[in-house]
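Visitor: Just so you know, the sequence shown maps onto residues 0 to 55 in numbering that gives the first Met the number 0.
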Amino acid sequence: MPRHLECVVDGCDAVIEADTDDAIIEQAAAHAREAHPELDIDDEMERELRSHITTI
0 MPRHLECVVD
10 GCDAVIEADT
20 DDAIIEQAAA
30 HAREAHPELD
40 IDDEMERELR
50 SHITTI
């Protein structure tokens, strides 16, 4: 089932869609490096991101 994540940074409209949670996290990390370089995608942030992933 397709998965969906909206960027958790206030004011950012980025949306990531992929088939697996792991693919979402990979794409979210790439997005963060480009758009939010001040963010560190550590284990805690990864858990936070995973909690926001939904099925579409």
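Beta carbons are placed, not taken as given, at the ideal position from N, Cα and C, and that holds for glycine. Computed from a predicted structure; not experimentally measured.
#1: Relative to the C-alpha of MET0, which residue among THR19, HIS30 and ILE15 is closest?
#2: If distances are taken between C-alpha atoms only, which option among ILE24, PRO36 and HIS30 comes closest to ARG12?
#3: In this structure, how does DSSP classify ILE52 when only helix, strand and coil are distinguished?
#4: Could you tell me the distance, in whole angstroms, from the CA atom of LEU38 to the CA atom of GLU5?
#5: Cα-Cα, which of HIS35, ILE40 and ALA27 is closest to GLY10?
Guide: The structure says:
#1: Start at 1 with the first residue of the sequence shown, and residue 0 comes out as number 1. Ranking the options by Cα distance to MET0, first place goes to THR19.
#2: Position 13 of the sequence shown holds residue 12. According to the sequence provided, residue 12 is Asp. The question's Arg does not apply to it. The shortest Cα separation from ASP12 among ILE24, PRO36 and HIS30 belongs to HIS30.
#3: Taking the first residue of the sequence shown as 1, we reach residue 52 at position 53. Looking at ILE52 - three-state DSSP - the assignment turns out to be coil, as it is neither helix nor strand.
#4: Position 39 of the sequence shown, counting from 1, holds the residue named residue 38. Position 6 of the sequence shown, counting from 1, holds the residue named residue 5. Spanning the two alpha carbons is a distance of roughly 16 Å.
#5: One-based indexing of the sequence shown puts residue 10 at position 11. Ranking the options by Cα distance to GLY10, first place goes to HIS35.
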